[in-house]
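Here the working numbering = 1-based position in the sequence shown + 148.
The block underneath contains the structure these notes are about, expressed in structure tokens.
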Amino acid sequence: MELEKFIRDVPDFPQKGIIFKDITTLLKDGHALKQAVDLMKEKYRDQKIDKIVGIESRGFIFGGVAAYQLNCGFVPARKPGKLPAKTVREDYTLEYGTNTLEIHEDAVSRGERVIIMDDLLATGGTALAVAKLVERLGGQIIGIEFLIELTFLHGIDKLKGYNVHSCIKY
Ligand code: AMP
149 MELEKFIRDV PDFPQKGIIF KDITTLLKDG HALKQAVDLM KEKYRDQKID KIVGIESRGF
209 IFGGVAAYQL NCGFVPARKP GKLPAKTVRE DYTLEYGTNT LEIHEDAVSR GERVIIMDDL
269 LATGGTALAV AKLVERLGGQ IIGIEFLIEL TFLHGIDKLK GYNVHSCIKY
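What follows is the structure, encoded as structure tokens:
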């Protein structure tokens, strides 16, 4: 199955000049969703993963399903003010705008083996911010997984030193 057929390009969303990669067209197809999550999680089956950290909000979908399949925990990395208990936070820049992400300070324990998941790698700022949060809590990053990578934005350079994979490259 060619997964890229299930990705819809939406020009000028959320602002002019951005071609938004819409994954809802993949999510609504049961076979495509299964294949996508299988591809993202399969290499970790025997890696004794403790936690998947999913990035708000589309990373919750892939990360949640993959955590269930890998029998590990799931941790949400959320936009500021959404998590109820004490958090650690990190600011970062996006392809469009700036943002902050938080995780609960007790979400990852020292030495835990962690995968970070999101739908798309653009400039890499988001994933790098989450990697820093996980490492600040003492987690060990085993891999960073994306469904889609926009290679022309060279986000992979920002994530040098990490084990980064993506299923669909543009
Ligand atoms: P970045 O930090 O630049 O790698 O941006 C990645 C985050 O922004 C991911 O959470 C994506 O969901 C979102 N994102 C950035 N650019 C796009 C795009 N062209 N289409 C869809 N999502 C995007």
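Glycine is no exception: its CB is placed at the ideal position from the N, C-alpha and C atoms.
Rounded C-beta distance between residue i and residue j? I'm assuming under 8 Å.
i, j, result
"Met265", "Gly211", "4 Å"
"Leu281", "Ile251", "5 Å"
"Ile203", "Ala233", "Actually they are not in contact, since the Cβ atoms of Ile203 and Ala233 sit about 19 Å apart, beyond 8 Å."
"Ile155", "Ile171", "6 Å"
Compare the beta carbon distance of residue i and residue j with 8 Å and say whether it is the shorter of the two.
i, j, result
"Lys227", "Leu242", "no"
"Lys199", "Val236", "no"
"Ile263", "Ile290", "yes"
"Gly207", "Asp267", "yes"
"Glu253", "Gln288", "no"
"Ile292", "Ala277", "no"
"Gly318", "Gly273", "The question names Gly, but residue 318 in the sequence shown is Tyr. Result no, Cβ atoms of Tyr318 and Gly273 do not sit closer than 8 Å."
"Ile167", "Asp157", "yes"
Using the Cα positions of residue i and residue j, report the straight-line distance between them to the nearest angstrom.
i, j, result
"Thr299", "Ala270", "8 Å"
"Ile209", "Val223", "12 Å"
"Asp160", "Lys169", "11 Å"
"Thr246", "Cys220", "31 Å"
"Lys238", "Leu174", "Note that residue 238 is Glu in the sequence shown here, rather than Lys. Cα to Cα, Glu238 sits roughly 30 Å from Leu174."
"Ala214", "Arg284", "24 Å"
"Lys306", "Gln183", "28 Å"
"His302", "Leu231", "31 Å"
"His313", "Glu152", "16 Å"
"Asp186", "Lys164", "34 Å"
"Ala180", "Lys308", "29 Å"
"Tyr192", "Asn311", "12 Å"
"Glu190", "Pro162", "32 Å"
"Lys176", "Ser205", "16 Å"
When the Cα of residue i is compared with those of the options, which residue comes out closest?
i, options, result
"Arg258", "Phe294, Gly286, Leu307 and Leu151", "Gly286"
"Gln195", "Ile171, Gln217, Thr246 and Pro232", "Gln217"
"Glu150", "Ser205, Gln163, Glu238 and Ile296", "Ile296"
"Met188", "Phe294, Ala275 and Ala180", "Phe294"
"Val201", "Lys308, Gly309 and Ala275", "Ala275"
Could you confirm whether any beta carbon from chain B is found closer than 8 Å to the beta carbon of residue i?
i, result
"Arg206", "The question asks about chain B, but that chain is absent: this structure has only one protein chain."
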